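J.: Chains as they are written, first to last, in my numbering: chain A, 1 to 246; chain B, 1001 to 1217; chain C, 2001 to 2204.
C-beta: ideal position from N, C-alpha, C; glycine also.
What you are looking at is a predicted structure, and each value in this text was computed from that prediction instead of being measured.
Here you go, one structure.
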Amino acid sequence: MWYWLHRFSSPAYFYRFAGKATPWLAAITGLLLLAGLYGGLVLAPADYQQGDSYRIIFIHVPSAWMSLFIYVVMAAAGGIGLIWHIKLAEVVAACSAPIGASFTFIALATGSLWGKPMWGTWWVWDARLTSELILLFLYFGVIALQSAGEDKRTASRASAILALVGMINIPIIHFSVEWWNTLHQGATVSKMGAPSIHTSMLVPLLIMALACKFYYATSLLMRARAELLEREHNSNWIRDALKNHG
Amino acid sequence: MAVLSRDLLLALRRRSEVVNPLLFFVIVVTLFPLAISPSQAVLQTLAPGIIWVAALLSTLLSLERMFRSDFEDGSLEQLLLSPCPPTILVLAKVLAHWLVSGLPLLLIAPLLGVFLALPTEAMPTLLITLALGTPVLSMVGAIGVALTVGLRRGGALLSLLVLPLYLPVLIFAANAVAAAADGLIVTGQLYFLGGLLLLSCSLAPLAAAAALKISIH
Amino acid sequence: MLRAVDLGCERGDRILFSGLNLHLHAGEVLQVHGANGCGKTTLLRALCGLTRPATGEILWQEKDIRDDESTFSDDVIHIGHHDGIKQELSALENLRFAVALSAKSPELSAEQALAHFGLTAQTHLPAYVLSAGQRRRVALARLLLNAARLWVLDEPFTALDQSSIGVMEAMLHQHASNGGCVVITSHHAIPLEPGIHRELHLTT
C-alpha cells in the first residue's frame, strides 16, 4: 500500500496514469451528465409550487456541494504537500483552486437566477448564499496567493497554509453567518432543497452530483498534467515522455 | 521579551506610522454622518457597524508594519535564526502590534461613539468587544502578513486574504454592540468573541511562524 | 563539523547546483567562489537553515540542522546582503538587541565590540545617519558578541574601508585558530594560511 502510494505520487508515473485515465473519466462524466440532465429536465415532474424554475437545483445543489468538497480536498492536499513535501500534492492543491472557485461561482449565479422568480430579487442575504460568497472570496485569496509568487513551490506552500487557515475558519464563518441570518431574518427566506424531496427529483440530483465529481476528477487530472509539465520542465522524465510521444 | 520592547521602542521612534492608522480610523467614522445623514436615529442604528468596519480597515493599514520592514532590512532572518522559537517571536510581535494599534482604537472609540450618537449603555460593550476583537484581528492579520511579506506588492493581496477571515469578529462584535444599545443581554456574543480570541492565540502563531519560514525562503 | 551531503538548490525553476558535498572541519575557512547568480548566496542561506534545499541534507556535528534547530541556531551567525540593522535604533541598541536574542551571555560588551571596529564615536547615533560602511561594521560587530562557532558571511567586505578589512581579516584568523568554522563569499583574496583556507568553486 505504502509502496503503491509512493509510486503513484511520483510525477512521472502520475503523468502517464493521468494521461490514460482522462478519456475514461471524461466519458463517464459525459454519460452521467446526459443521464442526470435527462432525468432532471425531462423525467422529473414540475414542482406544484415553483413550476419548472426549480429545475435549476440540478445544477445549483451539486455545485454548492462541490464548492465545499473541493475546498476540503485542496486544503488536505496542501497540508500533505506542506508536511511531506510531495510535489504532486502541491500540484493537486494548486489545480483544485480554480475548479472549486468556478463551482462556487456557478452555485452563486444559479442561486441568484433562481432567486429572481422565487424572491423577486437577484440577491438576498440568505445564510447559504452569503456563506457561499465568502467561500468564493477565500478561493480568490488562495488563487491570488498562488499566482503572486515568482517561485511556484514557495507559492504553493504559502497558499497551502492559507487554505488550512481557511479550513479552520469555514465552520466558524458558516456558524457566524447562520447566527447573523437568524437575527435579521427577512419575510421571504425559504430554504432551497426542501428536506422531503421526491425520489423522481432525488435520483437525477444524485446523478448530477456524481457527474460533477467525475467532471472534477477529469478536469483535475488534465490540469495537473499541464501543471506538472510546466513545473518539471527540466527534469528527465519529461524529456522521455515527450520523446515517446514522437 | 527583547522583541516586544524593541518593537515598542521602534514604534516610539516612528510615531507617524502609529498615529496615521488611528487618524484614519477617526476620519473614516466622521465620513458616515456626512455621507448618509446626521440624524441621531439613523446614526444610532449604524454606529456599531461603522465603528467596527472602520476598526477593521484601520487595523489592515497597520498590519504590514508587523513584518515588512524587518523583512526588508534583513532583521527577520536574524530573528528566525535566533534560538528563540518562532511562535514566541510571532506572539511578541503581535502583542507589540496590538499595543501600538489595537489599544489606541480602544481608547478613542468612546469619543467616536459619542459622535455617532451611540447610547451610553452600549459604551461598555463597545469597549469589551474591541478589547476582545482587536487582538484577534492582529493575530489573524499576522498570518496574512507573514504569507505576503516576501512578495513585492503584498498590500492589496493582504486585504483579500485577511478580510474574509475577519468576518466572524465583525458579525459578533457589531451585533453585540447593537444589541447592547437596544438594552439586550450580550454575554453570548462576548463568550463567542472570547472563544475566537483563545482559538486565534493558540493557532495563529503556529500558522504565522510556518508562513514566515516559507516567505524568507 | 559542518557537512553537506548531496546538496541541491533551485531558484524558481532553475537548478542552481546539485550533488554538492562538502565537509568543513573545526578551524577551517571555506571561501566560496563563482560568477554572479551561480547560487553562492543560496548555498550560504541553505547552510544556515534559512533556505530549504531541494535535495540533500546539512549536518552540524553529525546532526541534521533541522532536527535540532535551537542548538544549531545558537552556534551559527549569518550576516547576509542586508545588515539587519534597524535604522531608527542606535548602533548600541542594535547590538544590545542581538545580545538579548541569543541564549548565551556575550564575551564582550556591546560597547567593546563597537570599539573593536572603531565605532566608539558612533555608539549612540541612530543607524540612519551612519554610512553604508559604518552600518556594515555594526553588523559585523555582532560576530564578537555571541560565541557562535559557525560564521556564515555573505560578502562581508562590501563597503568596508581598508582598515576595517584588516580588522575583519584578523577576526577570521582568530576565529579559525580558536577552532571555529567560517563559510564566506568574497571576490577579495583573503590572506590566510593554506592549511586552514579551503576554496569551493561553484559553476553553473
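(1) With H, G and I counted as helix, E and B as strand and the rest as coil, what does DSSP make of B:Ile1216?
(2) Measuring straight from C-alpha to C-alpha, what distance separates C:Arg2045 and C:Arg2052?
(3) Taking 8 Å as the threshold (beta carbon to beta carbon), is B:Leu1076 in contact with chain A?
(4) In terms of alpha-carbon separation, which member of B:Thr1134, B:Leu1022, B:Leu1206, B:Ile1027 lies closest to B:Phe1115?
(5) What runs of the alpha helix (DSSP H), each 4 residues or longer, lie entirely inside the segment 41-89 of chain A?
(6) So, does the segment 2137-2152 of chain C touch the segment 2078-2092 of chain C, judging by three or more C-beta pairs under 8 Å?
(7) Using 8 Å as the threshold, is the segment 11-26 of chain A in touch with the segment 219-226 of chain A, meaning 3 or more CB pairs across them?
(8) So, helix, strand or coil for B:Cys1201, using DSSP?
(9) By Cβ distance below 7 Å, which residues in the same chain neighbour A:Ile143 in space, the five residues on each side in sequence not counted?
(10) At the level of alpha carbons, what is the spacing between B:Ala1204 and B:Leu1137?
(11) Once the 5 residues before and after A:Ile168 are set aside, which same chain residues still bring their CB inside 6 Å of it?
(12) Mapping DSSP to helix, strand and coil, what is C:Arg2052?
(13) Going straight from the alpha carbon of A:Thr104 to that of A:Phe69, what length do you get?
(14) Report the start-end ranges of each alpha helix (DSSP H) in the segment 2060-2091 of chain C that is 4 residues or longer and not cut off at the edges.
(15) Given 8 Å as the limit, is there contact between the segment 2109-2117 of chain C and the segment 1097-1110 of chain B, that is, 3 or more CB pairs closer than that?
(16) Taking CB distances under 8 Å as the criterion, tell me whether B:His1217 reaches chain C.
(17) So, helix, strand or coil for A:His174, using DSSP?
(18) Among all the DSSP beta bridges, which residues are the ones paired with C:Ala2004?
(19) Which bits of chain C does A:Asn234 rub up against, with CB to CB less than 9 Å?
(20) Only counting runs of 4 or more residues, tell me where the alpha helix (DSSP H) segments fall wholly within the segment 122-167 of chain A, in order along the chain.
(21) Verify the CB distance criterion: does B:Ala1092 have a CB-CB separation below 8 Å to chain C?
(22) For chain B, is any of its Cβ atoms less than 8 Å away from the one on C:Phe2097?
(23) Report the rounded CA-to-CA distance for C:Gln2134 versus C:Asn2178, giving the unit in angstroms.
(24) So, helix, strand or coil for C:His2116, using DSSP?
(25) Does the beta-carbon distance from B:Ala1211 to A:Ile161 come in below 8 Å?
(26) I need the boundaries of the alpha helix (DSSP H) containing C:Arg2135, first residue and last residue.
(27) Quick one, are the C-beta atoms of B:Leu1151 and B:Leu1157 less than 8 Å apart?
(28) Which residues in chain B sit within 8 Å of C:Val2076, going by Cβ to Cβ distance?
(29) In the DSSP assignment, the alpha helix (DSSP H) including B:Arg943 goes from what residue to what residue?
(30) Could you run through the segment 122-151 of chain A and flag, in chain order, every residue whose CB is less than 9 Å away from some CB of chain C?
(31) For A:Trp114, which residues does DSSP report across the bridge?
(32) Just verifying my parser: in three-state terms, what is the DSSP assignment at A:Arg16?
(33) Could you list which residues in chain C have their beta carbon closer than 9 Å to that of B:Asp1073, in chain order?
(34) What did DSSP end up calling B:Asp1070 once you bin it into helix, strand or coil?
(35) Is the distance from the Cβ of C:His2078 to the Cβ of C:Cys2048 below 8 Å?
T.: In terms of the structure at hand:
(1) coil
(2) 9 Å
(3) No, B:Leu1076 lies away from the interface with chain A (no Cβ there is under 8 Å from its Cβ).
(4) B:Ile1027
(5) Runs found: 57-84.
(6) yes
(7) yes
(8) helix
(9) The residues Ala97, Pro98, Ala101, in chain order, have a CB closer than 7 Å to that of A:Ile143 in the same chain once the five nearest residues on each side in sequence are set aside.
(10) Going by the C-alpha atoms only, they are around 11 Å apart.
(11) none
(12) coil
(13) So the alpha carbons of these two residues sit roughly 11 Å apart.
(14) Note on the segment 2060-2091 of chain C: whole alpha helix (DSSP H) runs with a minimum of 4 residues are 2069-2075, in chain order.
(15) no
(16) yes
(17) helix
(18) C:Leu2022, C:Ile2058
(19) Asp2013, Arg2014, Ile2015
(20) Segments of the alpha helix (DSSP H) lying fully in the segment 122-167 of chain A: 127-148.
(21) no
(22) yes
(23) 27 Å
(24) C:His2116: helix per DSSP, three-state reduction.
(25) yes
(26) 2132-2145
(27) yes
(28) Neighbours of C:Val2076 in chain B, taken as residues at a C-beta separation under 8 Å, are given in chain order as Leu1081.
(29) This structure gives no information on residue 943 of chain B, because the portion of chain B shown stretches from 1001 to 1217.
(30) Answer set for the segment 122-151 of chain A: Glu150, Asp151.
(31) A:Trp114 pairs with nothing; no bridge assigned.
(32) It is helical.
(33) His2082, Asp2083, Gly2084, Ile2085, Lys2086, Gln2087
(34) helix
(35) Cβ distance < 8 Å, so C:His2078 and C:Cys2048 count as in contact.
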